[in-house]
Amino acid sequence: GLGVLDAGLEPLVEQKISDVICHLNEMVHGFDFARLLSLYYQAYRNQDADLKARVAKWFRGEYHTKTEARQDLGVNVIIGDDDWYEYLKLFASFLNQAGYNGLFILIDELVNIYKIPNAITRQYNYEKILTMFNDTLQGKARHLGIVMGGTPQCIEDPRRGVYSYEALRSRLASGRFSDGYKDLLAPVIYLQPLTPEEMLVLTEKLRDIHSGLYGYTSTVRDEDLAEFIRIEFARVGADSHITPREIIRDFIELLDLVYQHPDKTMGEFMQSGSFSYAKNEVEEGKVDKGFAEFTL
C-alpha cells in the first residue's frame with residue numbers, strides 16, 4: 002500500500018476530494034465548504050501549519066467578518082448565527098463520505114433558552130429547533146442525529162418554554178393515548194430520576210474508581226454507603242429535586258477526606274460538624290413565577 006507521504010497517494014486523494022466536492026456542491030454553502038476542505042489538505046501536504054490553523058478557525062466559526070476570512074482564505078462567507086445549522090449538515094455529509102455513519106450532536110441545557118428575557122430572541126431559537134426537527138423527519142438532514150436535553154419546566158412552560166412555540170408544541174407534546182405509559186419512540190422522552198438503589202450502586206463504583214486512582218485500599222464499608230444514601234435522600238425535597246451531581250459531589254468529598262485522614266471513618270465524618278451536605282441547587286435557584294421576566 003501507499004504511505005501517507007508517497008507521491009502516488011496525492012492524485013488518489015485529490016480525486017477522492019474531487020468526488021466529495023461534487024456531492025457537497027449540491028448543498029447550501031457546499032462550494033465554499035468543499036473549497037476549504039481542499040485548502041486544508043493542501044496545507045497538510047505542504048506542512049503549512051499557519052494555513053491549517055486558519056482553515057480550522059473558519060470551520061470553528063471563529064471568523065467575525067467576511068473581510069477577515071477573504072484576506073486569510075480567499076472565501077467570502079463565514080459561519081454565523083444565521084447559517085451554522087446548514088454547515089452542520091455539510092459536516093454530517095462530509096463525515097459520511099469519509100467513512101463514518103454521520104454526525105451525532107448533543108445540545109444540553111435548553112434551559113438557557115428558557116432563561117432568555119427577550120421573547121423575540123427566544124422565539125428565534127425555538128424556530129431554529131423547529132427547522133431541525135422538520136429536517137430530520139423530512140430527510141433533509143441526512144446522516145445527522147440530534148439529541149437535546151432540558152428540564153421538564155423549560156420544555157412545558159406555556160409562556161417561556163419550548164411549548165410556548167405552538168408549532169413545536171403541536172409536534173412534540175404527548176398524545177392522548179400515552180397516559181401512564183413510556184413511549185421511547187416519541188420525540189420527547191422523559192427520564193426518571195435515579196432511585197436510591199441505583200445511586201447506591203453508583204457510589205460503589207465511585208468508591209472503587211477513587212481507590213484505584215489514588216492507589217489505596219478503601220476502608221469505606223457497604224454499610225457506610227447505605228447510610229450515606231439514606232441521609233442524602235432524607236433531605237427535604239430530595240424525591241423530586243435532588244440530582245446525581247449533588248450526591249456525587251458530596252460522596253467524592255467524603256472519599257477525599259477519608260483518604261487524607263485514614264485514622265477516621267466515613268461514618269465519623271458524616272456524624273461530625275466538619276462535613277456539610279450540598280444544598281439543593283434547584284431550591285436555591287427557585288424563583289416566583291410572577292417575577293420570571295423581571296430583570297434589574
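For the sequence shown, the numbering used here assigns the number 2 to the initial residue and increments by one for each residue that follows. By construction, the Cβ of each residue, glycine as well, lies at the ideal position given by its N, Cα and C atoms.
- 114 is the residue among 114, 70, 208, 268 whose C-alpha sits nearest the C-alpha of residue 158.
- Closest in alpha carbon position to residue 172, among 145, 192, 127, is 127.
- Counted as a single uninterrupted DSSP element, the stretch harbouring residue 117 is not any alpha helix (DSSP H), since DSSP gives it neither H nor E.
- Listed in chain order, the non-local C-beta contacts of residue 153 below 8 Å within the same chain comprise 191, local neighbours out to five positions each way being set aside.
- Three or more beta-carbon pairs separated by less than 8 Å are not found between the stretch 175 to 190 and the stretch 204 to 216, which leaves the two stretches without contact.
- Secondary structure of residue 213 (DSSP, three-state): helix.
- With a beta-carbon spacing of about 6 Å, residue 226 and residue 201 fall inside the 8 Å limit used to define contacts.
- Contact between residue 221 and residue 155 fails: their C-beta atoms lie close to 37 Å from each other, not under 8 Å.
- The three-state reading of DSSP puts residue 149 in strand, counting E and B together.
- An exposed status is given to residue 13, since fewer than 16 other beta-carbon atoms sit within 10 Å of its beta-carbon.
- A Cβ-Cβ separation of about 5 Å places residue 252 in contact with residue 204 under the 8 Å criterion.
- Here residue 106 is bridged, per DSSP, to 147.
- In the DSSP assignment, residue 28 falls outside any alpha helix (DSSP H) and carries neither an H nor an E.
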